[in-house]
Amino acid sequence: MYNFEKLRAWQEAIKLAEMVYRLTKKFPKEEKFALIDQLKRAVTSISLNIAEGSGSRSKKVFVAHLEIAIKSLYETISILKLGEKLFKVNSTKELDQCGQVNKLLQGLLKSIKSNV
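The sequence shown runs 7 to 122 under our numbering.
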(Lines of atoms letter the chains of each structure in order from A and count residues from 1; the text may use other names and numbers.)
(Lines give C-alpha, C1' and ligand atoms only; values in the text may rest on other atoms or scores of the structure.)
Protein backbone atom coordinates (compact mmCIF):
# COMPACT_ATOMS: atom_id res chain seq x y z
CA MET A 1 0.00 0.00 0.00
CA TYR A 2 1.29 3.43 -0.94
CA ASN A 3 1.20 6.29 1.59
CA PHE A 4 -1.40 8.25 -0.38
CA GLU A 5 -3.78 5.29 -0.20
CA LYS A 6 -3.89 5.76 3.58
CA LEU A 7 -5.11 9.34 3.20
CA ARG A 8 -8.84 9.58 3.78
CA ALA A 9 -9.00 12.52 1.34
CA TRP A 10 -7.64 10.26 -1.41
CA GLN A 11 -10.01 7.41 -0.49
CA GLU A 12 -13.03 9.70 -0.59
CA ALA A 13 -11.84 11.32 -3.85
CA ILE A 14 -11.70 7.84 -5.42
CA LYS A 15 -15.23 7.17 -4.16
CA LEU A 16 -16.35 10.47 -5.69
CA ALA A 17 -14.78 9.56 -9.03
CA GLU A 18 -16.60 6.22 -9.04
CA MET A 19 -19.89 7.97 -8.29
CA VAL A 20 -19.35 10.59 -11.00
CA TYR A 21 -18.39 8.00 -13.62
CA ARG A 22 -21.66 6.18 -12.93
CA LEU A 23 -23.59 9.45 -13.06
CA THR A 24 -22.19 10.41 -16.48
CA LYS A 25 -24.20 7.56 -17.98
CA LYS A 26 -27.29 9.68 -17.29
CA PHE A 27 -25.98 12.61 -19.35
CA PRO A 28 -27.07 12.90 -23.01
CA LYS A 29 -24.87 10.90 -25.38
CA GLU A 30 -24.07 14.01 -27.41
CA GLU A 31 -22.18 15.36 -24.37
CA LYS A 32 -19.67 12.49 -24.49
CA PHE A 33 -16.91 14.60 -26.03
CA ALA A 34 -17.82 17.79 -24.21
CA LEU A 35 -19.16 18.03 -20.67
CA ILE A 36 -18.77 14.33 -19.82
CA ASP A 37 -15.09 14.26 -20.78
CA GLN A 38 -14.43 17.49 -18.89
CA LEU A 39 -16.23 16.16 -15.81
CA LYS A 40 -14.23 12.93 -15.88
CA ARG A 41 -10.94 14.82 -16.24
CA ALA A 42 -11.83 17.15 -13.37
CA VAL A 43 -12.93 14.43 -10.95
CA THR A 44 -9.95 12.17 -11.67
CA SER A 45 -7.59 15.11 -11.24
CA ILE A 46 -8.55 15.31 -7.56
CA SER A 47 -7.17 11.92 -6.52
CA LEU A 48 -4.29 12.12 -9.00
CA ASN A 49 -3.04 15.38 -7.50
CA ILE A 50 -3.34 14.05 -3.96
CA ALA A 51 -1.28 11.01 -4.95
CA GLU A 52 1.30 12.96 -6.93
CA GLY A 53 1.74 15.58 -4.23
CA SER A 54 2.10 13.03 -1.47
CA GLY A 55 5.05 11.53 -3.33
CA SER A 56 7.00 14.75 -3.12
CA ARG A 57 9.78 15.24 -0.63
CA SER A 58 8.76 18.87 -0.29
CA LYS A 59 5.75 19.88 1.79
CA LYS A 60 5.44 23.03 -0.33
CA VAL A 61 5.04 20.89 -3.45
CA PHE A 62 2.46 18.72 -1.66
CA VAL A 63 0.56 21.91 -0.70
CA ALA A 64 0.61 23.06 -4.33
CA HIS A 65 -0.83 19.72 -5.49
CA LEU A 66 -3.53 19.82 -2.83
CA GLU A 67 -4.49 23.30 -4.01
CA ILE A 68 -4.81 21.96 -7.55
CA ALA A 69 -6.92 19.06 -6.22
CA ILE A 70 -9.24 21.60 -4.56
CA LYS A 71 -9.52 23.58 -7.81
CA SER A 72 -10.39 20.35 -9.65
CA LEU A 73 -13.00 19.62 -6.99
CA TYR A 74 -14.57 23.04 -7.54
CA GLU A 75 -14.57 22.43 -11.28
CA THR A 76 -16.30 19.10 -10.66
CA ILE A 77 -18.94 20.80 -8.51
CA SER A 78 -19.55 23.43 -11.17
CA ILE A 79 -20.01 20.84 -13.92
CA LEU A 80 -22.34 18.77 -11.74
CA LYS A 81 -24.48 21.85 -11.08
CA LEU A 82 -24.46 22.68 -14.78
CA GLY A 83 -25.60 19.12 -15.54
CA GLU A 84 -28.48 19.59 -13.12
CA LYS A 85 -29.54 22.82 -14.83
CA LEU A 86 -29.10 21.73 -18.44
CA PHE A 87 -30.06 18.05 -18.34
CA LYS A 88 -32.05 17.67 -15.10
CA VAL A 89 -29.49 15.14 -13.83
CA ASN A 90 -29.85 14.62 -10.08
CA SER A 91 -26.37 14.86 -8.59
CA THR A 92 -27.31 15.36 -4.94
CA LYS A 93 -25.30 12.34 -3.74
CA GLU A 94 -22.26 13.36 -5.77
CA LEU A 95 -22.43 16.95 -4.51
CA ASP A 96 -22.69 15.68 -0.93
CA GLN A 97 -19.58 13.59 -1.56
CA CYS A 98 -17.87 16.69 -2.97
CA GLY A 99 -18.59 18.40 0.34
CA GLN A 100 -16.98 15.52 2.21
CA VAL A 101 -13.90 15.58 -0.03
CA ASN A 102 -13.66 19.36 0.36
CA LYS A 103 -13.65 19.10 4.16
CA LEU A 104 -10.93 16.45 4.07
CA LEU A 105 -8.79 18.35 1.58
CA GLN A 106 -9.09 21.60 3.51
CA GLY A 107 -8.16 19.83 6.74
CA LEU A 108 -5.19 18.08 5.13
CA LEU A 109 -4.03 21.32 3.56
CA LYS A 110 -4.29 23.17 6.88
CA SER A 111 -2.38 20.40 8.65
CA ILE A 112 0.46 20.38 6.14
CA LYS A 113 0.68 24.18 5.98
CA SER A 114 1.01 24.38 9.76
CA ASN A 115 4.02 22.04 9.54
CA VAL A 116 5.81 23.80 6.68
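Yeah, the Cβ is synthetic: ideal placement off N, Cα and C, and Gly gets one too.
Candidates the options: closest to residue i by CA position
i, options, result
"TYR8", "PHE68, LYS94, ALA57, ALA70", "ALA57"
"PHE33", "PHE93, GLY113, SER78", "PHE93"
"ALA48", "SER64, ALA15, GLU90, LEU22", "LEU22"
"THR30", "GLU11, GLU81, ILE85, ALA19", "ILE85"
"LYS99", "TYR27, PHE10, SER62", "TYR27"
"ARG65", "ARG14, LEU115, LEU13", "Going by the sequence as given, residue 65 is Lys instead of Arg. When only C-alpha atoms are compared, the closest one is LEU115."
"LYS37", "LEU13, VAL95, MET25, THR50", "According to the sequence provided, residue 37 is Glu. The question's Lys does not apply to it. GLU37 has its Cα closest to that of VAL95, out of LEU13, VAL95, MET25, THR50."
Opening and closing residue of the alpha helix (DSSP H) in which residue i lies
i, result
"GLU90", "65 to 93"
Residue i, DSSP secondary structure in three states
i, result
"TYR27", "helix"
"ALA15", "helix"
"GLY59", "helix"
"SER97", "coil"
"PHE10", "helix"
"ALA40", "coil"
"ASN121", "coil"
Residues of its chain near residue i, where Cβ-Cβ distance is below 8 Å and the 5 sequence neighbours each way are ignored
i, result
"ASN108", "ILE76, LEU79"
"SER62", "PHE68, HIS71"
Supposed contact pair residue j and residue i - C-beta distance, whole angstroms, cut 8 Å
i, j, result
"GLU18", "LEU110", "6 Å"
"CYS104", "ILE83", "5 Å"
Chain-order list of residues whose beta-carbon lies under 7 Å from that of residue i (same chain, five-residue window excluded)
i, result
"SER53", "TRP16, ALA19, ILE20, ALA23"
"SER97", "LEU29, LEU86, GLY89, GLU90"
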